[in-house]
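Start counting the sequence shown at 3; every next residue gets the next number (the working numbering).
Report on the following structure.
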Amino acid sequence: MSVFNYQAEAQHTASAIGSGELEVVATPALIAFAENACHQLVDLAAGETSVGTFIELNHLKASRIPEEIKVDVKDVTREGNRLSFIFEIRDSSHLIATGKHQRAIVDVDRFLSSIK
């Protein structure tokens, strides 16, 4: 459906993020790449944004640094203001993660006033 490219660098390692001690691409970095890719696919009206509401990621294989990471969003479904995504993440050689993500479209002003 849509492929988004990212460059995993030193700030994306498990040791830099604090999710581990190794100089490999961290699971939280893969989550951020996936969320960013899905967010880019959302059509928004003026005054709207989308917020993440759920993520499931199966981290299948480690990747070295630096590395090109590709997030391939395979499917998007929409029900009202809720969107569901299915994605795969690859490095230059392997499938490294699969997952699901959900986002909700919200009115920016209403959303921000609800968290005051």
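Positions of the beta carbon are idealized from the N, C-alpha and C atoms, including for glycine.
- Residue 48 places its beta carbon 8 Å or farther from that of residue 83.
- For the options 77, 92 and 103, the alpha carbon positioned closest to that of residue 27 is the one of 92.
- The three-state reading of DSSP puts residue 106 in strand, counting E and B together.
- In the structure shown, residue 66 adopts coil according to DSSP, grouped into three states.
- Uninterrupted beta strand (DSSP E) stretches at least 3 residues long and entirely within the region 14-99 occur at 50-61, 69-81 and 84-92, given in chain order.
- Ranked by Cα distance from residue 63, the options 95, 102, 36 and 81 are led by 95.
- Looking only at 25, 74 and 111, the smallest Cα-Cα distance to residue 35 is reached by 74.
- Contact check between the region 9-19 and the region 40-54: fewer than three CB pairs, one atom from each, fall below 8 Å, which does not count as touching.
- Under DSSP, residue 113 takes part in no beta bridge, so it has no partner.
- Minimum Cα-Cα distance from residue 78 among the listed residues 69, 29, 99 and 89 corresponds to 89.
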